Each structure stands twice: as structure tokens, then as C-alpha cells.
Amino acid sequence: MKIVNKQALLEFLKLASNKLNGDWIVLGGSVLPLMGIESRVTTDIDVVKINNSTQAETLELMELTEKLGFPIETINQASAYFLFKIADFKKHLVLLQRGTNASFYRPDLYLFLQLKLPRLSESDFHDCVEMIKISKEESKLEGIMKIIQAAIKNERSSAKRARLKRLKAHLP
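What the sequence shown shows, in our numbering, is residues 1335 to 1506, in sequence order.
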């Protein structure tokens, strides 16, 4: 698989924002390079249309990715499963790129953590720590603390509970 770095993501956003229609969200590990964090590599582009994409739009995403020299499986829309379970996710979007036909957003810290916490693998943990380090969204820390505390309380896996506690310790 080919590595997806900041430059590749910026090229993708520029092309996609002028070729696709509607509002889209870049999620997961794809967010970090766009924010200047290249602490780990990613091989996919996690992108979801805000109001559900059609099969034709998904195929168009793959065509754009192929034009940039990436395999079509670089497009990953699995995060839609978690995104659409969050009722107020639209309140937590930050504009990345506006083109002639489409706009691309990223999650704010609050939404980023909400999306990462259900799985919270070791790489998810490190992504969260990196996002916390650069986030300027201190006004949302109380809400973030609440979701982490609730996750700790409800978590059955001791390993995941330990990661949640370590994550909580990284909050200012």
C-alpha cells in the first residue's frame, strides 16, 4: 500500500472539492497529517459524505484517488458507522477546504475523541494524544472529560480501560 501523507491529502482535497458535490468529512488517521501531525503513517483516506453518499459518489471518490496514483482501496468509509451514531456531529465540524462544488470538513477535538473512543486501539490512543496536544478547544474539555469518564466506567476490557485512563491523564 502507498503511504498517504499531508501532500497527498491536500492534492486529494483540492481535486475532490472541485469534482464532487456536497459536504464531506475527513476522519480518522487522515485528519492528523492535515493538521501537521505526521507521527504515524496512514495508507487510507477516511472520508464520508455528510448526507450519505450514493454508490456513484463512492465510485467517483475511488476514481479521484486512482487519478492521484493510489489504489482504489485507499478510500475508507467505515468510519461512517460510528459518525452517524452521533446525533449532533454537525456541530463539531471544522472547515478544511471549500471548492466550487464541495466542502471538506474535519472533526473538532470533541468529535474526534467520540469517534476514536469506541475502539481505542493503541494507535487510536496515540492519535487522540496527538490531537489533544495541538487542540486549542479548551472550552470543550469539560464535555470531553465526561465522555472519557463514562467510557472508563462502562469499559469491560482492562487493557482498554487502562488506555482510557492514560488518555484522561493527557487532558490539560
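Glycine is no exception: its CB is placed at the ideal position from the N, C-alpha and C atoms. Predicted model, so just to flag it, every value in this text is computed and none were measured.
- Residues of the same chain with a CB within less than 8 angstroms of the CB of N1352, apart from the 5 flanking positions on each side, are G1433, T1434, N1435 and A1436 in chain order.
- Residues P1367 of the same chain have their beta carbon placed closer than 6 angstroms to that of K1340, with the five preceding and five following residues left out of the count.
- Approximately 10 angstroms separates the beta-carbon atoms of L1445 and I1481; this is outside 8 angstroms, ruling out the contact.
- By alpha-carbon distance to A1485, the top candidate from L1475, K1499, E1476 and K1474 is K1499.
- In chain order, I1420 and I1481 place their CB closer than 7 angstroms to the CB of Q1448, counting only its own chain and leaving out the 5 sequence neighbours on each side.
- Sorting G1356, L1427, L1398 and S1492 by C-alpha distance to the C-alpha of V1365 places L1427 at the top.
- Under the criterion of beta carbons closer than 8 angstroms, G1363 and K1383 do not qualify as touching, at roughly 19 angstroms.
- Taking 8 angstroms as the cut-off, the Cβ atoms of F1438 and K1336 do not count as close.
- Distances from the alpha-carbon of E1456 to those of E1400, L1501, I1409 and L1429 put L1501 closest.
- If you draw a straight line from the Cα of P1441 to the Cα of F1423, it is about 8 angstroms long.
- Within the same chain, and ignoring the five residues on either side of Q1483 in sequence, the residues whose Cβ sits closer than 8 angstroms to its Cβ are K1502.
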